[in-house]
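**Student:** Please read through the structure below; I'll follow up with questions.
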Amino acid sequence: MPTIQETLQNVWGLQAFRPQQQEIIEQLLGGGDAFVLMPTGGGKSLCYQLPALHRDGLAIVISPLISLMKDQVDALLANGIRAAMYNSNLDAAEARSVLARLHGGELDLLYVAPERMMRPGFIQSLESIPLALIAVDEAHCVSQWGHDFRPEYAALGELRAHFPGTPFIALTATADPQTREDIVQVLGLGQAKRFVTGFDRPNIRYTVLEKHQPAAQLLRFLERHPDESGIVYALSRKRVEEIADHLADRGYSAAAYHAGLSAATRRDVQERFIRDDLSIVTATVAFGMGIDKPNVRFVVHHDLPRHLEGYYQETGRAGRDGLPAEALLLFGTQDVAMARYQLERGGNEDQKRIEAHKLSAMAGFAESLTCRRRVLLGYLGETLEQDCGNCDICLDPPERFDATEAARKVLSCVYRVRQSFGIKHVVDVLRGADNERIRKFGHDRLSTYGIGMEFSHAEWMSIARQLIHRGYLVQDIAAYSVLKLTPQALVVLRGEETVELARPRIRAKAPKKEKLPAGAVRLEGDDVRVFERLRALRKRLAEENGVPPYVVFGDATLIEMSHLRPSSEEELLAINGVGQVKLERYGPAFLGEISSAAEEPAENVQG
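Numbering (our numbering), first residue to last: 23 to 629.
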């Protein structure tokens, strides 16, 4: 039997374990249970896949999404590992074939949906064969505190009684302390060793912009990401489709994904995205949980997510390959007010209390003027010792100014329009706008009409929003989002308090240079040309083999090849991501392409 280090190199082509992977693997190999909290892209799946090859019997992996199972099984098969999935997508003949392989000892790993796992007949069939381990992926789904609670996951706690001697491992990328305790209790993991590697994803840059003409803001952002893979999230199906149409009209390769589309359409969008035939997916939060695509370079939230756990998980779909990625959040006060209004209208009191707490934390993150990573990680129970240096606040600290006079103008105008109009109308009055609505209500005759020419419309909107965030104003969503004064506002109007605000920030500054993770290589000069050739070769090989491009090799592996230019199988095997099976399957083609690229003058090839 090879050592686990040899298996890591020969099967996965990796030179070293990531933090805590080896300790987790050794815990399972010793027959112990494990609870693993590890960020997306941190290498969770290896923690149960590798020990499955070193323990006798079959490893069962319980996973909530069929698409995620398929991606994982494709990647395992590409590495020469005997893997299959057992779910509702299989026809009767396929299901029988999987069960026959299971009982014939022909599988190392089997991916199963939770509802299939809990069928009495299936449990009985597993009790008759040796099991290497049972892994529960996306374990936060068991907890009512978790943002993706699924009742069928909660039933998995019964498995301990059926398989008392089998090591269990529960894994999640996102769980606050309350959710963690729920997972441990529901799954019967009281004796499990806990591994918490931290939530930080240092390669992701976090940026928050005040929402102002979001369509234009999105286009400006995308100009920095030509031909790159990304996801744009919005909360409504209608908006998802509008954004996709808007981007497609401007020449972007974009498509919508939401639960209202047919299963065939959703499958087609997902397949095209995974295979790099589609650059941008605009989606509700239903998209992405089942995506194991490592080269997503950006995630945009067009609307404010309902909780930081969801935001963390969704932004975590960017940069899984460890290369630089960007997360942009467009944030408007209307988002928060609407969310609070919807929250008050449904659910039981306990659930409403939990959701209100989570929404307040999400809004606090967006409004914060301190390092984004500190706020995000702090909520998730982790302390960052110093500012991250890779968020909008760190890279371009907001300028503060004495906004007392500006605040008094806004508050006074709200009072003059009898606290009966919304933010845009108040700003129109301040700016002296000449429109029918202002004339109809006689607001062109108010003392506050036209007294705000020193700021643009967008700047006044920002100032008014900050006054809402700071508690001087409230938006009454039930009454068409009209602005109301709070007792705190009266203190300012009486001249008893000064107000300091941030200079309005409507545009994101282009990053000076991406912050590269340790050990990563930045492609420059002729390396870019070689990378493009290798990427084209990877696409051809992926299509020939019927797998996504990243299953052949990830971007990080291609970048290393482009930079180091290996000329022998031995040199190629030393590159991260090249294992023995992939060396035999793809090595000759990539070595040939690198050799061919070296012989061709750079000017003869278009980058």
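Beta carbons are placed, not taken as given, at the ideal position from N, Cα and C, and that holds for glycine.
Predicted model, so just to flag it, every value in this text is computed and none were measured.
Which residue comes first and which comes last in the beta strand (DSSP E) that contains V230?
**Tutor:** Its beta strand (DSSP E) spans residues 226 to 232.
**Student:** Going by C-alpha distance, which of G126, I82, R367 is nearest M107?
**Tutor:** I82
**Student:** List the DSSP bridge partners of E522.
**Tutor:** D424
**Student:** Figure out for me which residue from I151, D198, L211 has the closest Cα to the Cα of L178.
**Tutor:** L211
**Student:** Quick one: Cα of Q239 to Cα of T306, how far?
**Tutor:** Here the alpha carbons of T306 and Q239 stand approximately 19 Å from one another.
**Student:** Helix, strand or coil for P539? Go by DSSP, reduced to three states.
**Tutor:** In this predicted model, P539 has a pLDDT of only 48, less than 50, meaning its place in the structure is not dependable; the value taken from the coordinates is given anyway. The DSSP-derived three-state label of P539 is coil.
**Student:** Mapping DSSP to helix, strand and coil, what is G252?
**Tutor:** strand
**Student:** Give me the residue from D130, F185, Q207, P419 with the minimum Cα distance to P162.
**Tutor:** Strictly speaking, residue 162 in this sequence is His, with Pro absent from that position. Checking every option, the nearest Cα to that of H162 belongs to Q207.
**Student:** Leaving out the 5 sequence neighbours to the left and right, which residues in its chain are closer than 7 Å to F185 when beta-carbon positions are compared?
**Tutor:** L153, I156
**Student:** What are the boundary residues of the alpha helix (DSSP H) that includes R123?
**Tutor:** 114 to 125
**Student:** Given T25, which residues of its chain have a CB within under 6 Å of its CB, disregarding the five upstream and five downstream residues?
**Tutor:** none
**Student:** Identify the continuous beta strand (DSSP E) that holds M107 and give its terminal residues.
**Tutor:** 105 to 108
**Student:** Starting from Y175, trace the alpha helix (DSSP H) in both directions and tell me its first and last residue.
**Tutor:** 173 to 176
**Student:** Could you round the C-beta distance between E519 and D424 to whole angstroms and report it? I think they count as a contact, below 8 Å.
**Tutor:** That pair is no contact at about 12 Å.
**Student:** For the beta strand (DSSP E) holding T304, just list the boundary residues, first then last.
**Tutor:** For T304, the enclosing beta strand (DSSP E) stretches over residues 302 to 305.
**Student:** Tell whether a beta-carbon distance below 7 Å holds between Y483 and V449.
**Tutor:** A small fix is needed here, since residue 483 is Met in this sequence, not Tyr. Yes, the pair counts as a contact, with Cβ atoms nearer than the cut-off.
**Student:** By DSSP, does Y502 sit in helix, in strand, or in coil?
**Tutor:** In the three-state reduction of the DSSP assignment, Y502 falls in the coil class.
**Student:** CB-CB under 6 Å to P41, same chain, minus the five flanking residues each way: which ones, in chain order?
**Tutor:** T219
**Student:** Fully enclosed by the region 427 to 456, which alpha helix (DSSP H) runs are 4 residues long or longer?
**Tutor:** 445 to 452
**Student:** Span of the beta strand (DSSP E) holding V569?
**Tutor:** From DSSP, V569 is part of no beta strand (DSSP E); its letter is neither H nor E.
**Student:** In its own chain, which residues sit with a C-beta less than 6 Å from the C-beta of R297, not counting the 5 before and 5 after it?
**Tutor:** P570
**Student:** Just the Cα atoms here: how many angstroms apart are L30 and I597?
**Tutor:** 13 Å
**Student:** So G252 and G63 are in contact, right, with Cβ under 8 Å, and what is the actual spacing, rounded?
**Tutor:** At roughly 16 Å, the Cβ-Cβ gap does not stay under 8 Å, so G252 and G63 are not in contact.
**Student:** Does the region 108 to 123 come close enough to the region 183 to 203 to have 3 or more Cβ pairs within less than 8 Å?
**Tutor:** no
**Student:** Are the CB atoms of E389 and H491 within a distance shorter than 7 Å?
**Tutor:** yes
**Student:** Using the Cβ count rule (16 or more neighbours within 10 Å means buried), how would you classify N412?
**Tutor:** buried
**Student:** Going by other Cβ atoms of all chains shown within 10 Å of its Cβ, with 16 needed for buried, is D414 buried or exposed?
**Tutor:** buried
**Student:** Beta-carbon separation of V432 and L489 under 7 Å?
**Tutor:** yes
**Student:** Using a 10 Å radius around the Cβ and a threshold of 16 neighbouring Cβ atoms, would you call G35 buried or exposed?
**Tutor:** buried
**Student:** Is DSSP giving R587 helix, strand or coil here?
**Tutor:** coil
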